[in-house]
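Below is one structure, written out as structure tokens, with a few remarks after it.
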């Protein structure tokens, strides 16, 4: 009896050690999908030193999850079902999903949103109340070119020409898309929500065909500092919602304020509620005014030539628009000058080596499961990647309606506890990547080695115990 008991103790100890080894080998390190590794690079002094993203427990991740009553798939982009839930023009603040309002109230109560009164819309640059200095640390108006807020991005690293366009999607952009496609270039598109609603074909060409980066340019293109807190939430939230529900569940990482009009209050709402980083620019051709006589093609060309042939420090992030035939032509004319002067061209969102999205690496990659699935409901099963492409009748994720957002029951306190596992969605391939295959092979080898070692030791112990006792 003593020998059997002793052997059981020894074998139990070995089993416990083995179980620990197997579990350790089978669990994928969180660092395998860490964003920090690919965002921790050097930028110019006007770029933030921290990563250009929000962590996975940021409150934004619970605002666009699939609720328990949501349908199993997204509606086809461009279909009546897809377009029905969204405001057709200026959003009504009385019709906002309650989760957005609650998140705003929580942030205000926590002192995260500066108490700055909205500006007055004068038809030109918005005006602050008497006694308020737009260049002060308290306000830091981007309309007034205040650069005191280190989180606002104006510049890009030396030698880089960051490609981005505002105000789409619109039909004139197709010639621009032809150029990008022919040259295998990518751009960041700061899209207006109502333009996505009205031009789904152009949207899908930019996202699906070009694999370009989609960012937020508000729902109706207002001066954002003139908006109340709730109006800011509406302008950003509905744009986030339609992009999320048209891209397989992706959450944009960047936004650009219309007219460049923002301040510390508006920036804080964008960051704290929706996880958005504010992008401005360091040059402006005013190409948006080509159709109204504000500038001419000759003036735009002269400005572009001067900047492109000048110093490369800092890099160039020029305000450009896919708004009209004229603004598109201005970029087409500048393209040979950009390349002949040796600029390193890339999409603005990829300047840091990362992604345009808070929860996905690209337009085809995995989407973090906690960002589109309510953990109280459970993770969805991976589906056929081809059937999941945005715009197809079987693309997976949430409903795209305000009711789907309102049905999400994840509280702010539970966001950090949301699962960090991945879900193959949108047009993501179901085939493991090479890094995933290598990781799986290493895990398998570790498990097999542990079992082999266990077998040898256990046999030796059992034989020795028998001989001794």
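In mature numbering (1 follows the signal peptide of the UniProt record, and there is no 0), the protein residues as written are -25 to -1, 1 to 444. We treat Cβ as the ideally placed atom computed from N, Cα and C, and that holds for glycine.
Kindly provide the ranges of any alpha helix (DSSP H) runs that are 4 or more residues long and lie completely inside the stretch 275 to 323, ordered along the chain.
-> 300 to 315
Are residue 93 and residue 214 closer than 8 Å when you measure CB to CB?
-> no
Cβ pair residue 161, residue 322 closer than 8 Å = yes
Does the Cβ of residue 105 have 16 or more other Cβ atoms within 10 Å, making it buried, or fewer, making it exposed?
-> exposed
Would you mind sorting residue 175 into buried or exposed? The rule is 16 or more other CB atoms within 10 Å of its CB.
-> buried
Compare the beta carbon distance of residue 218 and residue 193 with 8 Å and say whether it is the shorter of the two.
-> no
Would you call the CB atoms of residue 165 and residue 231 closer than 8 Å?
-> yes
Measuring alpha carbon to alpha carbon, tell me which of 338, 197, 244, 191 ends up nearest residue 118.
-> 197
Would residue 98 count as contacting chain B if we go by Cβ distances under 8 Å?
-> Considering every chain present, this structure includes no chain B. It has just one protein chain.
Indicate the three-state DSSP secondary structure (helix, strand or coil) for residue 73 in the structure shown.
-> helix
Pick out whichever of 134, 115, 121 has its Cα sitting closest to the Cα of residue 286.
-> 134
When the distance is taken between beta carbons, is residue 342 closer than 8 Å to residue 334?
-> yes
Tell me the start and end of each unbroken beta strand (DSSP E) in the stretch 107 to 165 that is at least 3 residues and wholly inside, in chain order.
-> 135 to 141
Closest by CA to residue 96, which one among 227, 202, 163?
-> 202
Residue 247 classed as buried or exposed, judged by whether at least 16 other C-beta atoms fall within 10 angstroms | buried
If you check the beta carbons only, do residue 261 and residue 271 fall under 8 Å apart?
-> no
Would you identify the three-state DSSP class for residue 342, choosing helix, strand or coil?
-> strand
Secondary structure, alpha helix (DSSP H): runs of 4+ residues fully inside the stretch 164 to 209 = 168 to 173, 175 to 179
Residue burial classification, residue 158 (beta-carbon count within 10 angstroms, cutoff 16) = exposed
What is the DSSP secondary structure of residue 48, counted as helix, strand or coil?
-> strand
What residues are listed by DSSP as bridge partners for residue 230?
-> 191, 253
For residue 245, name the three-state secondary structure that DSSP assigns.
-> helix
On the premise that residue 279 lies in contact with residue 257, defined as a C-beta separation below 8 Å, what is that separation, rounded to the nearest angstrom?
-> Not confirmed; about 13 Å, so no contact.
Rounded to whole angstroms, how far is the Cβ of residue 171 from the Cβ of residue 144, which I believe are closer than 8 Å?
-> 6 Å
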